[in-house]
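K.L.:
For the sequence shown, my numbering gives the first residue as 47, with consecutive numbering after it. Sending over a structure as structure tokens; questions will come in a sec.
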Amino acid sequence: MSASASTVNSYARSSGQPRRLLLDPWIIGTVCALLLIGLIMVASASIGISEKETGAAFHYFTRQLVYVALGLAAGCVGLAVPTRVWDEYSKYLLGGAFLLLVVVLIPGIGYEVNGSRRWIRLGFMNFQVSEATRVMLLMYVASYAVRRSDELRSDFKSFMVPVGVLAAAAVLLLCEPDFGAATVLFATGLGVLFLAGARIVHLLAPVVIGSVGLAALAVVSPYRLRRLTGFLDPWGDPFDSGFQLVQSLIAIGRGEWLGVGLGASVQKLFYLPEAHTDFVFAVLAEEFGFLGVTVVVALFALLVTRALIISREAARAGQAYQSYVAAAIGIWLGLQAFVNIGVNMGLLPTKGLTLPLLSYGGSSLLVTLGWIGVLLRIHHDTQATGRVRVAPREARRR
């Protein structure tokens, strides 16, 4: 063994890299803060409907605690598995994603709620397959971007391969139907390809085609058209198509600067549908006002910023796959939070998208915390690689 290699190995052993995890305190602190706020808001927003449906005021809160525990376990798995494993098995992840998207559409297997077949029953919970398939597909896109980096930058056909994968997945999601998940998946995937070096002129084609296609689907479907018109003028039909948004806007308006106080929301008491899931942000705004909204938005901004910084650090360390995955996590978190908050505030059409880490739901928490674990692993691998690389120079200075 050479002296240089011996020095590096000695430095790695002395620094404890293989034994001690190098965790990002900003990620951990931000996620813990959002989880705590989420638990408080689920308990507050669901207390009325929980007591009416089950007779137990904190039924949904108790289940959310269980989901958080399972999500933290999933995060530990994401942290423990080396990121190169996801890269090596990306094609299997792709196959598994499409298998889930097809299986959920089969009557008797896929569970239908309110006309949408998005869930598979897993014992005590219904698992929404779009949450898991989004991660699996984006990991494949990141792997493809690394393996075909040169072709991706120059050849339109090579660029269209991952775009075709995303489009096929989006079609299956629309069959459920899950318009929101399809939009977020496609937008996040294109964002990763853009960061991987895809040309702007190449990106324009799927963006234009996708936008026209989604607009056509919205127009030809009476249900989606009603939701669009309800979003544009919810007060025009406040007791039907605009009911949910009107109640959300009333809740946000009542909050004013400092809110009406924890537990004092009126809109959550059978006025605002889905108060503890898709519209938990409106209850937060009513009870904690502009101040509470600012804190939550700042926490999401910090989480997204840290994910993108970790992506940049991974790229500088020569870990392209890890860089793209971290970027995908950041883009997805920011985009889904933006869409959910925009829907609550009447800035976007109503979508069935949860607010990550805050809304009630086992599928969302399991997948989100599992992906946060992957992000922490990327940070660890990047920092460990950086420490090993500087070891010989430090040894020479000494």
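Glycine included, every Cβ here is placed at the ideal spot set by N, Cα and C. These numbers come from a predicted model, not from an experiment.
Helix, strand or coil for methionine 391 per DSSP?
P.N.:
Within the sequence shown, numbered from 1, the residue matching residue 391 stands at position 345. If DSSP states are grouped into helix, strand and coil, methionine 391 belongs with coil.
K.L.:
Taking the Cβ atom as the reference point for each residue, do serine 176 and alanine 227 lie within a distance shorter than 8 Å?
P.N.:
By 1-based counting over the sequence shown, the position of residue 176 is 130. By 1-based counting over the sequence shown, the position of residue 227 is 181. Between serine 176 and alanine 227, the C-beta spacing is below 8 Å.
K.L.:
Would you mind sorting alanine 374 into buried or exposed? The rule is 16 or more other CB atoms within 10 Å of its CB.
P.N.:
In the sequence shown, the residue the question calls residue 374 occupies position 328. So alanine 374 ends up on the buried side.
K.L.:
For the alpha helix (DSSP H) holding glutamate 197, just list the boundary residues, first then last.
P.N.:
Counting from one through the sequence shown, the residue named residue 197 turns up at place 151. First-last of the alpha helix (DSSP H) with glutamate 197: 195-200.
K.L.:
I'd like the span of the beta strand (DSSP E) that includes glycine 156, first residue to last.
P.N.:
Here residue 156 refers to the residue found at position 110 when the sequence shown is read from its first residue. Unbroken beta strand (DSSP E) run through glycine 156: 156-159.
K.L.:
Going straight from the alpha carbon of phenylalanine 277 to that of leucine 68, what length do you get?
P.N.:
As a working mapping, residue 277 is identified with position 231 in the sequence shown. As a working mapping, residue 68 is identified with position 22 in the sequence shown. Cα to Cα, the separation comes out at about 45 Å.
K.L.:
Starting from isoleucine 166, trace the beta strand (DSSP E) both ways and give me its first and last residue.
P.N.:
By 1-based counting over the sequence shown, the position of residue 166 is 120. Looking at the DSSP string, the run of the beta strand (DSSP E) that includes isoleucine 166 is 162-168.
K.L.:
Among the candidates Glu332, Ile418 and Ala361, whose CA atom is the shortest distance from the CA of leucine 304?
P.N.:
Taking the first residue of the sequence shown as 1, we reach residue 304 at position 258. Looking at the Cα atoms, Glu332 is the closest of the given residues.
K.L.:
Per DSSP, phenylalanine 173 forms a beta bridge with which residues?
P.N.:
Taking the sequence shown and counting its residues from 1, the one referred to as residue 173 is at position 127. Answer by DSSP bridge pairing, in chain order: Ile166.
K.L.:
Span of the alpha helix (DSSP H) holding proline 128?
P.N.:
What you label residue 128 is simply residue 82 of the sequence shown in a count that begins at 1. Looking at the DSSP string, proline 128 is not in any alpha helix (DSSP H), and its letter there is neither H nor E.
K.L.:
What three-state label does DSSP hand serine 61 in the structure shown?
P.N.:
As a first step, residue 61 must be located in the sequence shown, where it is residue number 15. Residue confidence for serine 61 is low, a pLDDT of 41 falling below 50, so the modelled location carries little weight; the figure read from the coordinates is stated next. Collapsing the DSSP output to three states places serine 61 in a helix.
K.L.:
Look up aspartate 427 in the DSSP assignment and say whether it is helix, strand or coil.
P.N.:
Residue 427 sits at position 381 when you count from the first residue of the sequence shown. Three-state DSSP puts aspartate 427 in a helix.
K.L.:
Rounded to whole angstroms, what is the Cα-Cα separation between alanine 328 and valine 385?
P.N.:
In the sequence shown, counting from the first residue as 1, residue 328 sits at position 282. In the sequence shown, counting from the first residue as 1, residue 385 sits at position 339. C-alpha separation (whole angstroms): 13 Å.
K.L.:
Are at least three pairs of beta-carbons, each pair with one atom in the segment 398-417 and one in the segment 311-329, less than 8 Å apart?
P.N.:
yes
K.L.:
Would you call the segment 141-154 and the segment 216-226 in contact, with 3 or more CB pairs under 8 Å?
P.N.:
Judged by Cβ distances under 8 Å, the segment 141-154 makes contact with the segment 216-226, as three or more pairs qualify.
K.L.:
Please classify proline 128 as buried or exposed, where buried requires at least 16 neighbouring CB atoms within 10 angstroms.
P.N.:
Numbered from 1 along the sequence shown, position 82 holds the residue referred to as residue 128. The residue is exposed, with fewer than 16 neighbouring Cβ atoms inside 10 Å.
K.L.:
For glycine 243 and serine 195, which I take to be in contact (beta-carbon distance under 8 Å), what is that distance rounded to the nearest angstrom?
P.N.:
As a working mapping, residue 243 is identified with position 197 in the sequence shown. As a working mapping, residue 195 is identified with position 149 in the sequence shown. Confirmed, Cβ separation roughly 7 Å.
K.L.:
Hey, out of Ile255, Leu404 and Arg167, whose CA is closest to valine 209's CA?
P.N.:
Your numbering for residue 209 matches position 163 in the sequence shown. Residue Ile255 is the option with its Cα nearest to valine 209.
K.L.:
Quick check: the Cα distance between aspartate 279 and isoleucine 387, rounded to an integer number of angstroms?
P.N.:
Translated into the one-based positions of the sequence shown, residue 279 becomes position 233. Translated into the one-based positions of the sequence shown, residue 387 becomes position 341. Taking the straight line joining both Cα atoms gives about 18 Å.
K.L.:
Under 8 Å Cβ to Cβ from leucine 111, same chain only, skipping five residues before and after it: list those, please.
P.N.:
Taking the first residue of the sequence shown as 1, we reach residue 111 at position 65. The residues are Leu85.
K.L.:
Looking at the structure shown, is proline 284 part of a helix, part of a strand, or coil, going by DSSP?
P.N.:
On the sequence shown, position 238 is the one that residue 284 refers to. Three-state DSSP puts proline 284 in coil, outside helix and strand.
K.L.:
What are the boundary residues of the alpha helix (DSSP H) that isoleucine 83 is part of?
P.N.:
Here residue 83 refers to the residue found at position 37 of the sequence shown. From DSSP, the alpha helix (DSSP H) with isoleucine 83 extends over 71-100.
K.L.:
So, helix, strand or coil for proline 252, using DSSP?
P.N.:
On the sequence shown, residue 252 is found 206 positions in, with the first residue counted as 1. Residue state, collapsed to three classes: helix.
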